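This is the structure we're talking about:
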């Protein structure tokens with residue numbers, strides 16, 4: 024076992040390295056052990072009837088943007104890095120009171136109660152401020168409790184006390200990945216691999232960070248290395264498929280070659296026992312073909328395997344929204360708000376659901392928060408413009424309707440802008456907006472005879 028593995032697992036850990044790499048809910052497959060069988064087949068869903076255009080629908084590229092977002096979130100299944108992790112007793116364990124507190128904290132973490140263990144470690148860290156070991160105990164416990172910013176902070180503090188501490192760099196990189204800050208994760212993870220070239224966990228996280236940072240060639244290289252080291256890990260084949268797929272869009276001259284590599288990686292993924300990644304891949308295929316009800320089923324299957332997986336929950340929320348099951352989407356999004364705070368994506372989805380449920384007054388606060396978090400989120404601007412117009416605030420609606428024109432797919436945005444100008448008695452602007460609307464719909468008729 025490597026020094027890094029000893030640092031992470033501690034003397035009392037019963038977690039194998041293979042299990043750590045496999046991830047929560049993913050059966051370990053190796054010599055002498057066979058996981059649950061999966062057919063590897065992707066059944067085709069039934070077609071869905073055409074329905075009226077959805078209000079505040081994100082542009083079609085949202086499937087891609089959502090997938091990009093999911094890339095950023097690719098590593099968000101924290102069980103695979105910290106399940107059962109806690110450093111062994113520190114050098115103060117001989118002191119009766121401190122030893123008892125350490126034992127109590129470890130038991131709480133082992134019992135799945137990291138939130139209760141955090142105050143104990145905080146007190147111990149304050150009592151022994153020069154202990155990198157105690158800071159790492161606190162860091163790992165916070166990571167397990169999904170307090171990634173706090174975990175990052177204490178990993179950095181441990182590195183100030185003990186430069187190049189492998190476990191601190193590992194959890195610093197992992198925290199950055201969980202926070203969606205993929206580019207920042209790369210340097211500390213590279214440092215781990217410089218010290219421990221065979222550390223598979225760090226290499227897997229590095230590959231995922233490179234993928235999230237859109238450094239696809241480097242990501243593909245890391246995933247290829249991992250495919251030799253851990254060929255039964257679904258994360259590896261899914262990541263290799265994603266990297267190759269993205270490269271096929273960036274390198275036209277080698278498009279077919281990369282597409283074939285992606286196909287081979289996905290085929291290998293589907294030959295493995297059913298996993299979170301295989302469900303995600305199937306859900307993405309359904310979404311690409313507009314089979315949103317079927318996509319939602321696959322996201323639910325992914326959540327059966329990894330119930331707390333943020334990416335699968337986000338994918339399900341989008342699928343429910345696009346399949347017009349707004350009440351179910353809102354119920355899920357509400358629970359996600361509690362865990363993930365006020366992200367632009369979640370606020371947009373909440374606002375868009377309320378708008379489509381014909382309750383524009385409820386949608387406005389969410390859409391405003393979405394724009395505050397990301398001023399370039401055009402679907403949120405378009406939705407807020409509609410909501411303000413419907414609630415008698417035409418003047419306030421105009422700048423948002425203008426911002427959303429570039430993603431107007433059916434002419435409704437152009438017509439709403441005309442109505443806003445008409446209501447506010449901006450005669451010349453209304454004439455121009457009406458002319459633009461007529462020209463837009465004319466182009467649509469020619470494009471779709």
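Numbering (our numbering), first residue to last: 24 to 472. For glycine and all other residues, C-beta sits at the position ideal for the given N, C-alpha and C. None of these values were measured; they are calculated from a predicted model.
- The beta carbons of residue 298 and residue 285 sit no closer together than 8 Å.
- In this structure, the alpha-carbon of residue 164 lies about 36 Å from that of residue 349.
- CA-CA distance, residue 208 to residue 396, rounds to 22 Å.
- Taking C-beta atoms under 8 Å as the contact rule, residue 236 and residue 193 fail to qualify, at a distance of about 18 Å.
- Within 10 angstroms of the beta-carbon of residue 221 lie fewer than 16 other beta-carbons, which makes it exposed.
- Distances from the alpha-carbon of residue 201 to those of 248, 292 and 334 put 334 closest.
- When the five nearest sequence neighbours on each side are left out, the beta carbons in the same chain lying within less than 7 Å of the beta carbon of residue 229 are those of 209, 212, 213, 216 and 245, in order along the chain.
- Under the criterion of beta carbons closer than 8 Å, residue 155 and residue 184 qualify as touching, at roughly 4 Å.
- Residue 260 and residue 292 do touch by the CB rule: their CB atoms are close to 4 Å apart, below 8 Å.
- In the three-state scheme derived from DSSP, where H, G and I count as helix and E and B as strand, residue 151 is classed as coil.
- Per DSSP, the unbroken alpha helix (DSSP H) holding residue 205 starts and ends at 205 to 218.
- For the pair residue 407 and residue 218, the Cα-to-Cα distance works out to about 51 Å.
- Listed in chain order, the non-local C-beta contacts of residue 241 below 8 Å within the same chain comprise 233, local neighbours out to five positions each way being set aside.
- For residue 266, the enclosing alpha helix (DSSP H) starts and ends at 257 to 273.
- Runs of the alpha helix (DSSP H) lying entirely within the region 129 to 184 and spanning at least 4 residues, in chain order: 137 to 150, 155 to 167 and 171 to 184.
- Your pair residue 453 and residue 417 does not check out as a contact, with CB atoms roughly 11 Å apart and the cut at 8 Å.
- C-alpha of residue 362 to C-alpha of residue 280: approximately 41 Å in a straight line.
- Between residue 309 and residue 317, the alpha-carbon positions lie close to 6 Å from each other.
- With respect to the 8 Å criterion, residue 401 and residue 421 are not classified as neighbours on the basis of their beta carbons.
- For the pair residue 377 and residue 423, the Cα-to-Cα distance works out to about 18 Å.
- Pairing residue 410 with residue 428 gives a Cβ-Cβ distance that is not under 8 Å.
- Rounded to whole angstroms, the Cβ separation of residue 405 and residue 436 is 6 Å, and the two are in contact under 8 Å.
- Annotated three-state conformation of residue 380 is coil, per DSSP.
- Residue 414 sits in coil when the DSSP states are folded into three classes, being neither helix nor strand.
- When the beta-carbon positions are compared, residue 137 and residue 175 stay at least 8 Å from each other.
- Rounded to the nearest angstrom, the gap between the Cα atoms of residue 353 and residue 382 is 13 Å.
- Here residue 467 carries a helix assignment [DSSP, helix/strand/coil].
- If you look at residue 286, you'll find it in the alpha helix (DSSP H) that goes 278 to 294.
- In this structure residue 181 touches residue 159 by the C-beta definition: roughly 5 Å separates them, less than 8 Å.
- Between residue 368 and residue 392, the alpha-carbon positions lie close to 10 Å from each other.
- Comparing C-alpha distances from residue 231 to each of 143, 325, 446 and 204 shows the shortest one belongs to 204.
- At least 8 Å separates the beta-carbon of residue 306 from that of residue 262.
- Taking the Cα positions, residue 191 is about 29 Å away from residue 336.
- Straight-line measurement puts the Cα of residue 161 at about 15 Å from the Cα of residue 188.
- Counting the other CB atoms within 10 Å of its CB gives residue 264 a total of 16 or more, which places it among the buried residues.
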